[in-house]
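In our numbering, the protein residues as written are 3 to 588. Where a beta carbon is used, it is the ideal one built from N, C-alpha and C, also for glycine. Here is the structure we will look at.
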Amino acid sequence: MFASLYRLRTFVSRYRGRLVLGIFAFLVARLFEALIPLFLREGIDRIATGNTAVLLPVLGIVGAVLGRFVVVTYARMTVRRVGLQVAFDLRQRLYAQLQQQGAEFFSRYTIGDMMTRAVADISLVQRLIAMGTVLLVILVFAAIVGFGFMLALSPMLTLLILPPLPFTFLYAWYASRQMGIASLDVQERLSDLGAHVQENLSGIRTIQAMVQEDNEIARFARTNQEYANAFYSQAKINSEMAAWMPTVAALCSIIILGYGGSLVMAGEMTVGTLTAFFMYVSMVVQPFRVAGFIVNLFQRAAVASDRLFEVFDLDPEIEDAPSGRTPLQIRGEIEFRHLSFTYPGAAKPALTDVELQIARGESITIMGRVGAGKSTLLKQLVRLVDVAPDSVLVDGHDVLDYPLAQLRAQVAMVPQDPFLFGEPLRDNLTYDDPTRELERIWHAAESADLKETIEAFPEQIDTIVGERGVTLSGGQKQRATLARGLIRNAPVLVLDDCFSSVDTETEEHILTELKRLRRGQTTILVSHRVSTARHSDRIVMLDAGRIVEVGSHADLIALGGLYAELERIQREGADDADYQTAGAPA
């Protein structure tokens with residue numbers, strides 16, 4: 003577990019100089035603190051002997067206190083800044099790592115879990131660097147300094163308080179192992195809690211529509227209780243340590259008071275020396291007093307580091323290609339060559355031996371039943387899922403040879419889920435290039451039949467659409483994401499069923515605009531509507547991951563297959579569910 007703490011050195015090393023300077027300042031502060039008992043001893047002994055000349059000891063104490071104040075202030079600011087910078091770097095690394103992951107990763111890890119790692123886990127590491135590590139170093143140093151002064155003041159009294167210390171070390175070692183197990187459980191339960199809240203709030207409309215608020219509250223109570231139980235177990239171990247360590251300190255005090263008091267009574271030790279000895283003992287046993295806190299902090303930070311490096315160590319699901327293998331500009335010729343694909347863990351392939359050539363400037367509509375493999379085929383083209391070598395070609399080059407940034411910049415995909423950020427509409431439409439001219443934004447909005455909608459908003463194009471575009475209707479969100487795709491004017495435009503919430507009249511207008519705007523450019527659509535498909539040069543019918551029909555609208559109607567059946571169902575106004583089972587085995 004502590005191996006991950008050692009690995010943090012790569013993040014701390016760039017701030018090594020500042021951290022060392024901060025720790026050194028703390029050590030200097032401890033030296034100032036160690037001088038105070040000496041001046042106090044001198045003052046007490048002078049008073050005890052009737053000498054009232056205590057100005058020098060008083061000035062010494064004041065100087066030591068002021069020196070400690072200045073140095074500690076500087077040290078804390080320096081070390082805490084290092085902690086903040088390391089936390090910043092860790093969050094940047096985690097965020098960058100998440101950008102490179104694909105569907106398989108997000109099926110294993112929930113968004114709430116990742117949020118917990120990005121916030122709570124990194125905060126624990128930050129506390130360790132800014133507090134735990136420094137505290138451990140300065141307390142050990144203070145104990146060594148205090149022990150040295152104790153030996154100088156009374157070797158025998160120092161030796162008498164040593165026997166309890168080995169038992170304290172053994173207990174701390176045992177408790178740290180238990181604390182590690184408990185800390186891991188706490189962090190995992192905290193991740194579960196975050197995931198539950200995130201999922202609940204994302205689906206709050208569905209929950210309210212189905213009157214499941216009480217059931218969700220009960221589910222959350224169970225998750226919350228599991229976290230509370232885990233936290234209680236950790237707190238119990240920490241409390242036991244917090245109770246044991248002061249007991250050791252109290253035992254040492256009893257020994258000092260008994261034996262030291264006898265030395266004072268016998269005249270072998272002054273009251274000032276005994277007082278100073280007590281203060282140095284406090285410096286020595288202070289690490290034991292806070293051992294529970296330190297062990298707790300180190301164990302929790304070790305668990306947090308493990309969880310962070312678990313993500314850091316993952317390779318990107320989609321391996322990027324170096325630049326220079328392919329032409330910089332994509333023309334738009336697409337070929338699927340004996341393409342087969344099976345999702346991890348799936349029993350059946352999503353695509354089987356798909357053969358299709360798409361010429362530059364051609365418009366294609368891909369149709370089929372639910373689960374036929376339509377969206378999977380499009381994901382292969384932009385490498386949202388990875389493909390076998392030479393199974394997808396763009397302009398005659400293997401899609402694996404294209405750098406991802408180049409490929410996805412020139413093959414613009416409008417996904418099935420119309421996702422919008424909680425920002426102004428302008429920022430959503432110009433997401434990939436905020437410097438685009440206003441005229442171009444309005445032109446794309448008009449082509450997506452969104453212009454009149456935007457003009458009706460109080461703030462027009464600067465209207466904030468809310469998280470995931472919550473203030474817009476389903477059709478408005480789809481048209482906004484379509485406008486975001488059109489504004490890029492990419493050589494290849496891929497539309498994954500982005501008209502499902504748009505009425506047929508609006509769809510007709512958009513498709514007419516698409517045909518005009520995209521002349522000479524390749525356009526690939528996925529749709530369930532014949533009214534959409536008939537605008538395309540060719541229609542591709544998929545069934546169970548295989549291409550079963552290819553041709554124009556007229557060709558496929560004449561063929562009398564699946565497409566003709568879908569056309570009949572939609573023309574007669576029947577339910578599309580009839581089409582989903584048409585031709586399927588009983």
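To which residues does DSSP link residue i through a beta bridge?
{"i": "ALA414", "result": "LEU495"}
{"i": "ARG548", "result": "ASP545"}
{"i": "ILE466", "result": "PRO426"}
{"i": "VAL2", "result": "A question about residue 2 goes unanswered here, because the residues of the chain that appear run from 3 up to 588."}
{"i": "ARG540", "result": "ILE366"}
What's the C-alpha gap between residue i and residue j?
{"i": "PRO587", "j": "TYR565", "result": "For PRO587, the predicted model reports a pLDDT of 38, less than 50, meaning its position is unreliable; a value from the coordinates is still stated below. For PRO587 and TYR565, the distance between alpha carbons rounds to 17 Å."}
{"i": "ASP451", "j": "LEU186", "result": "53 Å"}
{"i": "VAL496", "j": "VAL552", "result": "18 Å"}
{"i": "SER241", "j": "GLY205", "result": "40 Å"}
{"i": "LEU353", "j": "LEU383", "result": "13 Å"}
{"i": "ARG20", "j": "TYR404", "result": "43 Å"}
{"i": "GLU515", "j": "LEU544", "result": "27 Å"}
{"i": "CYS254", "j": "ILE163", "result": "5 Å"}
{"i": "ARG32", "j": "MET79", "result": "17 Å"}
{"i": "PHE295", "j": "MET281", "result": "22 Å"}
{"i": "PRO329", "j": "LEU409", "result": "11 Å"}
{"i": "ILE239", "j": "TYR229", "result": "16 Å"}
{"i": "PHE146", "j": "LEU153", "result": "Note that residue 146 is Ile in the sequence shown, not Phe. Distance between the alpha carbons of ILE146 and LEU153 is about 11 Å."}
{"i": "VAL84", "j": "LEU58", "result": "39 Å"}
{"i": "ILE360", "j": "LEU380", "result": "13 Å"}
{"i": "VAL416", "j": "LEU561", "result": "31 Å"}
{"i": "GLY468", "j": "GLN418", "result": "19 Å"}
{"i": "ILE463", "j": "SER15", "result": "47 Å"}
{"i": "GLN301", "j": "LEU161", "result": "32 Å"}
{"i": "GLU201", "j": "ALA144", "result": "49 Å"}
{"i": "GLY476", "j": "CYS500", "result": "10 Å"}
{"i": "LEU572", "j": "VAL532", "result": "Residue identity differs from the one stated: residue 572 is Gln in this sequence, not Leu. Each residue's Cα considered, the two are about 8 Å apart."}
{"i": "GLU319", "j": "ALA535", "result": "33 Å"}
{"i": "ARG309", "j": "LYS479", "result": "36 Å"}
{"i": "PRO460", "j": "ILE466", "result": "10 Å"}
{"i": "PRO324", "j": "VAL81", "result": "40 Å"}
{"i": "GLY398", "j": "LEU440", "result": "36 Å"}
{"i": "ALA303", "j": "PHE169", "result": "25 Å"}
{"i": "ARG371", "j": "VAL297", "result": "58 Å"}
{"i": "GLY585", "j": "ARG570", "result": "Bear in mind that the predicted position of GLY585 carries a pLDDT of just 47, short of 50, making it unreliable; the figure below should be weighed with that in mind. Distance between the alpha carbons of GLY585 and ARG570 is about 14 Å."}
{"i": "GLY373", "j": "ASN231", "result": "43 Å"}
{"i": "ARG481", "j": "GLU448", "result": "10 Å"}
{"i": "GLU364", "j": "LEU519", "result": "13 Å"}
{"i": "GLY148", "j": "GLY52", "result": "29 Å"}
{"i": "GLY262", "j": "VAL127", "result": "43 Å"}
{"i": "SER342", "j": "ASN217", "result": "43 Å"}
Starting from the C-beta of residue i, find all residues in its chain whose C-beta is less than 7 Å away, skip the five residues before and the five after it, and write them out in chain order.
{"i": "PHE13", "result": "VAL88, ASP91 and LEU92"}
Spatial neighbours of residue i within its chain, please: CB distance less than 8 Å, with the 5 preceding and 5 following residues excluded, ordered by chain position.
{"i": "GLN99", "result": "VAL313, PHE314 and LEU316"}
{"i": "ARG339", "result": "GLU357, ASP392, SER393, VAL394 and LEU395"}
Could you give the residue range of the beta strand (DSSP E) that holds residue i?
{"i": "GLN359", "result": "353-360"}
{"i": "GLU337", "result": "336-343"}
{"i": "ILE526", "result": "524-528"}
{"i": "ILE366", "result": "365-370"}
By the DSSP assignment, the alpha helix (DSSP H) with residue i in it spans what residues?
{"i": "LEU7", "result": "5-9"}
{"i": "VAL401", "result": "First-last for VAL401: undefined, no H or E at that position."}
{"i": "PHE459", "result": "Here PHE459 belongs to no alpha helix (DSSP H), and DSSP marks it neither H nor E."}
{"i": "ASN430", "result": "427-431"}
{"i": "MET271", "result": "Note, MET271: premise wrong, no alpha helix (DSSP H); not H, not E."}
{"i": "PRO157", "result": "157-162"}
{"i": "ASP557", "result": "555-561"}
{"i": "ASP2", "result": "Nothing about residue 2 can be read from this structure; the chain reaches only from 3 to 588."}
{"i": "GLU507", "result": "506-519"}
{"i": "TYR111", "result": "It is not in any alpha helix (DSSP H) - TYR111 carries neither H nor E in the DSSP assignment."}
{"i": "VAL384", "result": "376-384"}
{"i": "ALA132", "result": "First-last for ALA132: undefined, no H or E at that position."}
Under 6 Å Cβ to Cβ from residue i, same chain only, skipping five residues before and after it: list those, please.
{"i": "ARG327", "result": "ASP403"}
{"i": "LEU2", "result": "This structure cannot settle anything about residue 2, because the visible part of the chain is limited to 3 through 588."}
{"i": "GLU35", "result": "ARG70"}
{"i": "PHE151", "result": "TYR282"}
_Within 8 Å, do at least three Cβ pairs link the region 340-355 to the region 133-146?_
no
_When you compare the region 483-492 with the region 411-427, are there three or more beta-carbon pairs, one atom per stretch, that lie closer than 8 Å?_
yes
*Does the region 431-443 touch the region 514-531, meaning 3 or more C-beta pairs lie closer than 8 Å?*
no
*Okay, do the region 28-45 and the region 267-285 touch, 3+ Cβ pairs below 8 Å being the bar?*
yes
*asked:* Counting beta carbon pairs with one atom in the region 179-199 and one in the region 106-126, are three or more of them shorter than 8 Å?
replied: yes
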